[in-house]
Structure formats: structure tokens, C-alpha cells
Amino acid sequence: MSTAAVAHAIKNSAVRGAKHWPHKSPALTKLVENNAPLSISPEHDLPMGCWSSQQIRDSVTDHTMVTWAPGKSRHNIPIITHGEGVYLFDDQGNKFLDWTSQAVCSNLGYDLPDTVIDATMKQMKELPFVYSGLGIIEIRARLAKLLAEILPGDLDGFVFPSSGSEANEVAIRMARRYTGKNKIINWYRSYHGGTANTLQATGDFRRNFGGENIPNFIKAFNPYPLFWDYAGDTEEERTQMALNMLEEQVLSEGPHTIALIQLESIVGTGGAIVPPKGYMQGVRAICDKYDILLHMDEVMMGFGRTGKMFGFQHFDGVIPDIVTGAKGLSSAAIPISMTACRKHIMDAFEEESLGWGSTYQAHPVAMTCAYENVKHIIKSDILGHIESLQPIFQEGMKTLAENHPSIKQYRQIGMFGCFDTHLPDGENPQLQAEAFAAYGKAYKKNGLIGIFRAPQLHVAPPLMISPEELWDGFERNDKALYTLDEALGFV
Ligand code: PLP
Numbered sequence: 010m011s012t013a014a015v016a017h018a019i020k021n022s023a024v025r026g027a028k029h030w031p032h033k034s035p036a037l038t039k040l041v042e043n044n045a046p047l048s049i050s051p052e053h054d055l056p057m058g059c060w061s062s063q064q065i066r067d068s069v070t071d072h073t074m075v076t077w078a079p080g081k082s083r084h085n086i087p088i089i090t091h092g093e094g095v096y097l098f099d100d101q102g103n104k105f106l107d108w109t110s111q112a113v114c115s116n117l118g119y120d121l122p123d124t125v126i127d128a129t130m131k132q133m134k135e136l137p138f139v140y141s142g143l144g145i146i147e148i149r150a151r152l153a154k155l156l157a158e159i160l161p162g163d164l165d166g167f168v169f170p171s172s173g174s175e176a177n178e179v180a181i182r183m184a185r186r187y188t189g190k191n192k193i194i195n196w197y198r199s200y201h202g203g204t205a206n207t208l209q210a211t212g213d214f215r216r217n218f219g220g221e222n223i224p225n226f227i228k229a230f231n232p233y234p235l236f237w238d239y240a241g242d243t244e245e246e247r248t249q250m251a252l253n254m255l256e257e258q259v260l261s262e263g264p265h266t267i268a269l270i271q272l273e274s275i276v277g278t279g280g281a282i283v284p285p286k287g288y289m290q291g292v293r294a295i296c297d298k299y300d301i302l303l304h305m306d307e308v309m310m311g312f313g314r315t316g317k318m319f320g321f322q323h324f325d326g327v328i329p330d331i332v333t334g335a336k337g338l339s340s341a342a343i344p345i346s347m348t349a350c351r352k353h354i355m356d357a358f359e360e361e362s363l364g365w366g367s368t369y370q371a372h373p374v375a376m377t378c379a380y381e382n383v384k385h386i387i388k389s390d391i392l393g394h395i396e397s398l399q400p401i402f403q404e405g406m407k408t409l410a411e412n413h414p415s416i417k418q419y420r421q422i423g424m425f426g427c428f429d430t431h432l433p434d435g436e437n438p439q440l441q442a443e444a445f446a447a448y449g450k451a452y453k454k455n456g457l458i459g460i461f462r463a464p465q466l467h468v469a470p471p472l473m474i475s476p477e478e479l480w481d482g483f484e485r486n487d488k489a490l491y492t493l494d495e496a497l498g499f500v
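Under my numbering, the residues of the sequence shown are numbered 10 to 500, in order.
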């Protein structure tokens with residue numbers, strides 16, 4: 010065949026192929042009526058607070074999904090009707106002392122200051138929304154300036170996403186785009202969020218829900234492992250060993266591939282783990298030596314939980330390149346978070362885009378709530394209040410640990426404590442589901458509500474709790490722990 014004939018044949022077959030492809034897409038057989046006239050049930054016309062417990066339960070059974078726990082757990086979650094001070098009330102008339110500020114976030118309890126409520130309502134009335142790329146509003150300028158003033162050093166640039174996970178996503182994107190490198194180092198004992206990247210950054214069991222599909226997250230051991238220790242006769246030697254291990258890991262991965270070391274300043278969900286003296290200074294030095302950014306995740310610890318405004322302020326001389334916060338930023342009254350970065354990082358994005366966004370970034374109503382909440386924390390001297398509660402908090406932790414053989418050890422800083430439990434043979438009781446379920450019942454029966462994650466039991470009440478309420482909480486917890494002692498086989 011001549012070249013022209015070949016070209017002609019190809020052209021014809023292409024045309025024939027395109028026009029006469031012998032394929033029929035499948036016919037829709039499962040037809041669903043999706044245009045019924047719009048109507049809602051009359052129950053929606055009842056004023057809020059008027060649904061019976063049964064109506065609520067029925068709707069929850071039929072329509073509500075839960076997240077980290079199996080779905081059936083929703084049938085036993087209490088129906089909460091209202092809150093007052095540090096207490097939550099349910100539909101059965103029970104009054105619970107909130108022993109962990111829910112997810113360590115309701116830091117001001119349940120009577121928010123009028124300044125927070127009034128300003129937030131006013132913003133919602135006057136201007137409920139401005140898209141952050143379309144208009145600047147005064148509250149955005151004010152919140153950023155306020156936070157720049159309370160964060161040390163030149164942590165001057167701010168993004169305001171809606172959750173802690175999102176704030177950490179921003180941190181990861183920022184670090185990768187700033188450094189041009191990809192790997193992130195995190196601790197095993199850590200939680201950084203439920204989105205794809207942050208779940209893989211996480212070390213705890215939740216990582217296995219799907220985050221493991223994401224590459225470039227490297228896990229390091231915490232400097233304070235709970236069930237073994239580093240070699241060394243003194244804490245200083247053991248800390249040095251932990252740092253040596255981290256540096257060896259950095260060198261093995263290749264410093265030119267590592268964008269970020271991303272750590273909780275003080276590990277929250279993983280058990281109130283405070284890094285030993287000198288450790289964070291060592292991490293900062295490793296970051297400086299190998300041109301890696303340092304991020305402190307303050308989502309749980311930020312805004313006062315540890316007795317300082319930010320957890321990393323317990324580490325003399327250390328300034329992170331990126332800091333994230335959420336929960337305490339608005340005392341959980343409205344979803345908002347922050348990603349703060351140092352001036353040189355902010356400046357690097359003057360000509361380049363950060364490359365992250367969300368419709369609700371810098372939401373006016375959320376920022377107003379956060380602004381007044383942070384001012385309230387400062388003006389009402391919440392840090393001073395926490396300081397004054399230290400003798401009671403410390404005594405409470407010590408007393409419970411002494412009273413209960415199921416408690417192996419505990420750690421405490423500011424308004425955050427954690428007991429580690431163990432079995433009579435010293436083993437980890439993590440899998441003793443029945444024993445912890447019995448403890449959960451006793452916890453509730455003694456008027457406490459909160460989150461605990463076996464083998465660890467957290468103590469993190471709202472920051473404004475009174476001395477009497479705090480001691481009362483320890484007494485209730487004490488009573489519940491007798492059930493755990495027994496259930497774990499100590500009596
Ligand atoms: N980082 C830390 C240290 C946290 O404790 C949490 C939540 O508990 C997150 C990130 C995720 O925050 P969020 O649940 O608001 O997405």
C-alpha cells in the first residue's frame with residue numbers, strides 16, 4: 010500500500026471507530042423518585058427543646074452516624090439538654106461534671122461570657138460572611154494582630170481554617186511549598202487530625218482507618234516512651250539518646266527530603282506526655298542544622314491548658330516555625346482554628362500562593378467568637394486561676410494514684426493530667442474492654458462525663474472550674490476507680 014493509501018485507511022478507521030463504536034452504556038434500571046414535592050414533617054415546626062427523648066432517639070437511630078466509634082454506640086450516648094458552669098445535664102435529669110472539657114476543648118465551660126456571645130451575635134447580624142479572598146474585614150485584622158501579640162517571637166502570619174485537622178493540613182502544605190521538600194516526621198504517640206494527611210501524620214490507632222495510603226510521613230519514637238526507657242543513667246543521658254536516635258533517623262531519611270518535624274508540644278490524647286528537659290531544644294537545633302521546619306501542634310494544649318498560653322512556652326528558648334491551634338481558640342463555641350508562621354515564611358508567600366484554601370477560611374462570625382474568647386482568657390487571668398488550682402490538681406492526682414492499685418503512674422501539667430493503668434502482672438490493660446466498660450458506667454454513675462482511652466484516663470476539666478468543683482471531681486473519679494481496680498483483678 011502507498012503511504013497515501015495507508016494514511017487514508019487510518020483516517021477512515023479512526024472515523025469509523027469514533028462513530029460506530031459498538032458499545033451501549035448500561036440502562037438505568039434502579040429508578041428512584043428524586044423530584045417528589047418538597048415537604049417536611051410537622052415535627053420541625055415545634056420549638057427547639059420540645060422533641061421528646063423518643064423522637065430524638067428515633068431520628069438518631071434512623072439518620073445519625075458516628076465517627077471514630079462503631080455506629081451502634083450512638084444508641085447509648087446520652088441526650089444532653091443543656092450546660093451550666095462546668096456541668097452538663099441530660100434528658101433523664103442527670104447532672105454530670107465535665108471531667109475532660111469534652112474533647113479537651115470546652116475550656117470555658119457552658120456559661121460563655123456576654124462579651125463573647127454579644128459580639129458573635131452582632132457579627133452574625135451585621136455581616137455573617139465575607140469570602141476571605143474577596144474582602145478584608147476589621148475582625149480578621151484584629152484577631153491576627155491579637156494573636157501575633159500573644160505568640161512569642163516573630164510568629165506573625167495567620168491563616169484561620171475551621172478545625173485542628175485543617176490547620177495541620179495548612180501547616181503541611183506550607184512546609185512542603187516553603188522548603189520544596191516532602192517528608193514529615195511525627196511521633197508514634199500523637200494525634201494530628203482526621204483528614205488524609207493529618208491522619209497519616211497521626212501515630213495512634215486512628216491512623217489505620219485509611220491514612221496509611223499516604224506516603225512521606227515518617228514516624229519517630231517519643232522521647233518518653235511509656236513502657237520502656239532509653240539507655241542512660243540520668244535523664245540527661247536518656248534525653249541525649251532520644252535526640253541521637255532522631256538525628257540518626259533524619260540522616261537516614263536524608264535531610265534534603267524532610268520538610269517538617271511536626272510534634273504536639275505536649276502530647277494530649279496520647280497521655281499528657283511532657284518531653285524531658287532539653288529535648289525540644291535539641292529538636293530545634295536538629296531542625297536548624299539540617300534546614301528543616303519545626304511545627305508545634307497546639308490544637309489541644311494551646312490557649313492555656315498547660316498553664317501557659319502555649320505548650321511550647323515550657324521549653325526555654327524554643328521558637329517553632331509553625332504553630333497550630335484550635336479548640337481553646339474559641340473554647341469550642343464555634344469551629345475555628347489557626348495556622349501561625351514566622352515572618353520569613355509569611356514573606357516567602359508574598360509572590361507565591363500558599364496553595365491552600367477553604368470557603369470558610371477566616372469566617373467572620375467564628376473569628377469574632379475567637380477574638381472575644383482570647384481577650385477574655387487574658388483579661389480574666391485564666392492562667393493565674395490555673396496556677397492557683399495547682400496544689401489541688403496535684404494533690405488529686407497523687408491521692409488517686411495512691412488509692413488505686415490499677416494506676417501505674419501519672420503525669421500532670423497545668424489543667425491536664427493522665428493516669429496510666431496496668432494489670433496486676435504489670436501488663437498493659439488496653440484490651441480489657443469489659444473492665445473499662447464497667448469503669449465507664451461507674452464514672453457516669455458518680456456524675457462524671459468525659460472521654461478516656463484505655464489504658465489511659467485523662468483529667469482535663471474546664472479551665473475556670475472552682476477549687477471546690479475540682480476537688481469534687483477527684484472525689485467522684487476516686488469512687489469510680491474502685492470499680493476499675495476490681496474489674497482489672499486487683500481485689
Ligand atoms: N491536633 C491535636 C493535638 C489534637 O488533639 C486534635 C484533636 O483532638 C487535632 C489536631 C484535630 O483537631 P480537630 O478534631 O479539630 O480536627
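Note that beta-carbon positions come from the ideal geometry of N, C-alpha and C, so glycine has one too.
Looking at the unbroken alpha helix (DSSP H) that takes in residue i, where does it start and where does it end?
| i | result |
| --- | --- |
| Y452 | A442 to K454 |
| E7 | Residue 7 falls outside the range modelled here, since the chain spans only 10 to 500, and no answer is possible. |
| N206 | A205 to A210 |
| H265 | Element bounds for H265: n/a, residue is neither H nor E. |
| C296 | Y288 to Y299 |
| L156 | E147 to I159 |
| N412 | I391 to N412 |
| N177 | G173 to T188 |
| M133 | D123 to E135 |
Here's the rule: buried if 16 or more other CB atoms are within 10 angstroms of the residue's CB, otherwise exposed. What is residue i?
| i | result |
| --- | --- |
| V75 | exposed |
| T73 | exposed |
| Q64 | exposed |
| W196 | buried |
| G263 | exposed |
| A150 | exposed |
| G364 | exposed |
| C350 | buried |
| I159 | exposed |
| Q370 | buried |
| G166 | buried |
| M108 | The sequence as given places Trp at residue 108; Met does not occur at that position. So W108 counts as buried. |
| K192 | buried |
| Q418 | exposed |
Please tell me whether residue i has its Cβ less than 8 Å away from any Cβ of chain D.
| i | result |
| --- | --- |
| Y380 | This model lacks chain D altogether; it includes just one protein chain. |
Checking 8 Å against the spacing of the C-beta atoms, do residue i and residue j come in under that value?
| i | j | result |
| --- | --- | --- |
| Y452 | A489 | yes |
| G277 | M305 | no |
| P170 | S346 | yes |
| I146 | P373 | yes |
| I194 | A251 | no |
| V327 | Y299 | no |
| G118 | G102 | no |
| E381 | A176 | no |
| G287 | T248 | yes |
| D163 | K352 | yes |
| A469 | S110 | yes |
| R1 | V283 | The displayed coordinates of the chain run from 10 to 500. Any statement about residue 1 would go beyond what the structure contains. |
| E307 | T348 | no |
| A180 | I395 | no |
| P464 | N437 | yes |
| L497 | Q439 | no |
| A184 | A268 | yes |
Beta strand (DSSP E) containing residue i: first to last residue?
| i | result |
| --- | --- |
| A463 | Careful: A463 lies outside any beta strand (DSSP E) and carries neither H nor E. |
| C378 | Counting along the chain, C378 falls outside any beta strand (DSSP E), though it belongs to the alpha helix (DSSP H) covering P373 to K388. |
| C114 | Run containing C114: none; DSSP gives neither H nor E here. |
| A229 | F226 to A229 |
| A349 | M347 to R351 |
| R66 | Where R66 is concerned, there is no enclosing beta strand (DSSP E), although the alpha helix (DSSP H) it sits in stretches over S62 to H72. |
| I422 | I416 to I422 |
| W196 | K192 to W196 |
| Y96 | Y96 to D99 |
| C427 | F425 to T430 |
| D107 | K104 to D107 |
| V168 | L164 to V168 |
| T90 | I89 to E93 |
Assuming residue i contacts residue j (C-beta within less than 8 Å), just tell me the rounded distance between them.
| i | j | result |
| --- | --- | --- |
| L457 | L106 | 6 Å |
| T70 | H385 | Not confirmed; about 39 Å, so no contact. |
| L152 | M376 | 5 Å |
| F402 | L479 | 7 Å |
| N217 | E178 | Not quite, the Cβ-Cβ distance comes to about 20 Å (not below 8 Å), so this is no contact. |
| L466 | C427 | 7 Å |
Notebook entry, point to check: Are the segment 305-323 and the segment 121-138 touching by the rule of at least three beta carbon pairs closer than 8 Å?
Noted result: Taking one beta carbon from each stretch, the segment 305-323 and the segment 121-138 have fewer than 3 pairs nearer than 8 Å; the two do not touch.
Notebook entry, point to check: Does the count of Cβ pairs from the segment 389-401 and the segment 462-476 closer than 8 Å reach three?
Noted result: Flag = yes, the segment 389-401 and the segment 462-476 touch.
Margin query: Taking 8 Å as the cut-off, does the segment 428-446 touch the segment 76-86 (at least 3 CB pairs, one atom from each stretch)?
Written below: Contact between the segment 76-86 and the segment 428-446 is absent: fewer than 3 CB-CB pairs across the two stretches fall below 8 Å.
Notebook entry, point to check: With a cut-off of 8 Å, do at least 3 Cβ pairs link the segment 205-221 to the segment 287-303?
Noted result: These segments do not touch.
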